[in-house]
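J.: Using this note's numbering, you'd call the opening residue of the sequence shown number 114 and step up by one each time.
Below is the structure I would like to discuss, written out as structure tokens.
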Amino acid sequence: MSYSGWLIYNAGLISKKFTEMNRWYEQAGQSINMEVTSIKNTEVYAFIKENQLFVDGQKNNPDFVLFLDKDIRLADQFERLGIPVFNSKETIDICDNKITMYQILAQHNLPIPNTIFAPMIFPGNVEADAAFLDFIEKELSYPMIVKEAYGSFGAQVYLVKNRKELEEKNRDLLHIPHLYQTLIESSVGRDIRIHIVGDKVVASMMRSSIEDFRANVTNGGKMEAVDPPESFKKLAIQASLATGADFSGVDLLFGKNGEPIICEVNSNAHIKNIFDCTRVDVTKDILQYIKVQLTKNS
């Protein structure tokens with residue numbers, strides 16, 4: 114059975130890296146009798162008319178949507194119209210907000226660094242709460258990590274080494290959702306990215322940097338194909354399933370005894386770096402998974 118789907122991507126992501134990824138999905142679809150059409154999120158209009166939900170801007174609604182964006186309002190509209198969305202609006206929302214993501218992972222009793230969420234403070238109050246900073250110092254030792262709730266490619270992640278830097282970063286982020294976290298010193302500058310499709314590991318790589326505490330390749334990190342220990346694979350699958358992801362990239366840190374600790378779950382992990390490193394084309398695994406799900410539910 115053939116299926117037609119829309120690949121939704123953000124209108125702001127027009128670099129070669131992203132257009133090439135979209136083309137890979139289109140080509141992978143052709144090989145398994147699936148038509149994939151890449152569409153910017155600005156080319157599909159979600160609206161309500163006479164108390165009815167609509168999406169417009171294209172001729173016919175698709176059989177499915179491959180949602181490689183974070184425009185969750187648009188993803189929500191597709192779902193409310195009964196169109197299967199991969200990953201779901203809920204999963205994208207969970208993974209996009211690191212605060213929510215860590216809450217979900219902790220609820221599933223999965224290992225994460227000790228984490229403190231900053232209180233929400235409306236604009237107007239410009240003073241840091243000294244008691245809150247005291248609490249952070251008591252619970253987390255220096256150096257520590259500060260993360261904005263929303264951020265990609267390792268951006269919006271900061272290393273704080275002392276009280277002065279803590280006060281400065283708290284002041285900078287006072288009105289921005291953020292969190293404070295234990296630095297896993299045994300994993301500084303290195304992690305493992307594991308790509309999950311459904312409940313299976315499809316590709317893995319070690320990322321490392323000698324110049325930055327973050328291992329992200331975008332920030333200059335190096336990558337190496339690896340076959341992770343079973344404990345890492347098992348935890349990556351558990352983390353992905355906890356977020357409800359159909360597919361994901363799970364970043365794992367190395368604990369002091371070599372045990373895996375979850376850094377984060379990415380609902381829209383980019384596939385070019387993992388391909389360059391491992392020669393595994395994750396697009397084929399993702400589309401084959403989607404086809405199986407559609408056939409199962411038809």
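No residue lacks a Cβ here, since even glycine has one placed at the ideal position from N, Cα and C.
Decide if R320 is buried, meaning its Cβ has at least 16 other Cβ atoms within 10 Å, or exposed.
T.: Taking the first residue of the sequence shown as position 1, residue 320 is located at position 207. Under this definition R320 is a buried residue.
J.: Taking Cβ positions, are Q171 and I196 nearer each other than 8 Å?
T.: Position 58 of the sequence shown, counted from the first residue, corresponds to residue 171. Position 83 of the sequence shown, counted from the first residue, corresponds to residue 196. No, the Cβ-Cβ distance between Q171 and I196 is not below 8 Å.
J.: Per DSSP, what are the beta-bridge partners of I229 in this structure?
T.: By one-based count along the sequence shown, residue 229 stands at place 116. Looking at the DSSP assignment, I229 forms a beta bridge with Y293.
J.: So, helix, strand or coil for I257, using DSSP?
T.: Here the question's residue 257 lines up with position 144 in the sequence shown. Before going further, note that residue 257 is Met rather than Ile in the sequence given. In the structure shown, M257 sits in a strand (DSSP, three-state: E or B).
J.: Using the Cα positions of N135 and E250, report the straight-line distance between them to the nearest angstrom.
T.: Here residue 135 corresponds to residue number 22 of the sequence shown, with the count starting at 1. Here residue 250 corresponds to residue number 137 of the sequence shown, with the count starting at 1. C-alpha separation (whole angstroms): 45 Å.
J.: Quick check: what's the CA-CA separation for R303 versus S411?
T.: Sequence index remark: in the sequence shown, residue 303 carries index 190 (1-based). Sequence index remark: in the sequence shown, residue 411 carries index 298 (1-based). Going from the Cα of R303 to the Cα of S411 covers about 43 Å.
J.: My guess is that P290 and E261 are in contact by the Cβ rule of under 8 Å, so how many angstroms apart are they, rounded?
T.: As a position in the sequence shown, residue 290 is number 177, starting the count at 1. As a position in the sequence shown, residue 261 is number 148, starting the count at 1. Confirmed, about 7 Å.
J.: Just the C-alpha distance for N381 and L194, rounded to the nearest angstrom, thanks.
T.: In the sequence shown, the residue the question calls residue 381 occupies position 268. In the sequence shown, the residue the question calls residue 194 occupies position 81. For N381 and L194, the distance between alpha carbons rounds to 22 Å.
J.: Could you tell me how far apart the beta carbons of Y116 and D169 are, in whole angstroms, since I believe they sit closer than 8 Å?
T.: Taking the sequence shown and counting its residues from 1, the one referred to as residue 116 is at position 3. Taking the sequence shown and counting its residues from 1, the one referred to as residue 169 is at position 56. Y116 to D169, Cβ: 21 Å. No contact.
J.: Consider the C-beta atom of K369 and the heavy atoms of the ligand GTP; say whether any pair is separated by less than 7 Å.
T.: With respect to small molecules bound, the structure shown includes none, and the ligand GTP cannot be examined in it.
J.: According to DSSP, simplified to helix, strand and coil, what is N386?
T.: For the purposes of this step, residue 386 is identified with residue 273 of the sequence shown, where counting begins at 1. DSSP places N386 in helix when its eight states are reduced to three.
J.: Compute the Euclidean distance between the alpha carbons of N123 and Q165, then round it to the nearest angstrom.
T.: Walking along the sequence shown from the start, residue 123 turns up at place 10. Walking along the sequence shown from the start, residue 165 turns up at place 52. Looking at the two C-alpha atoms, the distance is approximately 25 Å.
J.: May I have the straight-line CA-CA distance separating I161 from T155, to the nearest angstrom?
T.: Position 48 of the sequence shown holds residue 161. Position 42 of the sequence shown holds residue 155. If I take the Cα positions, the gap works out to 16 Å.
J.: DSSP three-state label for A338, please.
T.: Reading the sequence shown from its first residue, position 225 is the one you call residue 338. A338: strand per DSSP, three-state reduction.
J.: From the DSSP output, in three-state form, read off T150 for me.
T.: Your numbering for residue 150 matches position 37 in the sequence shown. In the structure shown, T150 sits in a strand (DSSP, three-state: E or B).
J.: DSSP on I121, reduced to helix/strand/coil?
T.: Counting from 1 along the sequence shown, the entry for residue 121 is found at position 8. If DSSP states are grouped into helix, strand and coil, I121 belongs with the strands.
J.: Can you give me the C-alpha to C-alpha distance between S201 and G357, rounded to a whole angstrom?
T.: On the sequence shown, position 88 is the one that residue 201 refers to. On the sequence shown, position 244 is the one that residue 357 refers to. The alpha-carbon atoms of S201 and G357 are separated by roughly 8 Å.
J.: Could you check how far apart the C-beta atoms of V395 and I387 are, in whole angstroms? I think they sit under 8 Å.
T.: As a working mapping, residue 395 is identified with position 282 in the sequence shown. As a working mapping, residue 387 is identified with position 274 in the sequence shown. Contact holds; Cβ gap of about 6 Å.
J.: Please give me, in chain order, every unbroken run of the alpha helix (DSSP H) with length at least 4 that falls completely inside the stretch 171-239.
T.: Listed in chain order, the complete alpha helix (DSSP H) runs (minimum 4 residues) inside the stretch 171-239 are 185-193, 202-209 and 211-220.
J.: Compare the C-alpha of A352 against each of V259, L296, I207 and K277 and name the closest.
T.: By one-based count along the sequence shown, residue 352 stands at place 239. Selected option, being the one with the closest Cα: I207.
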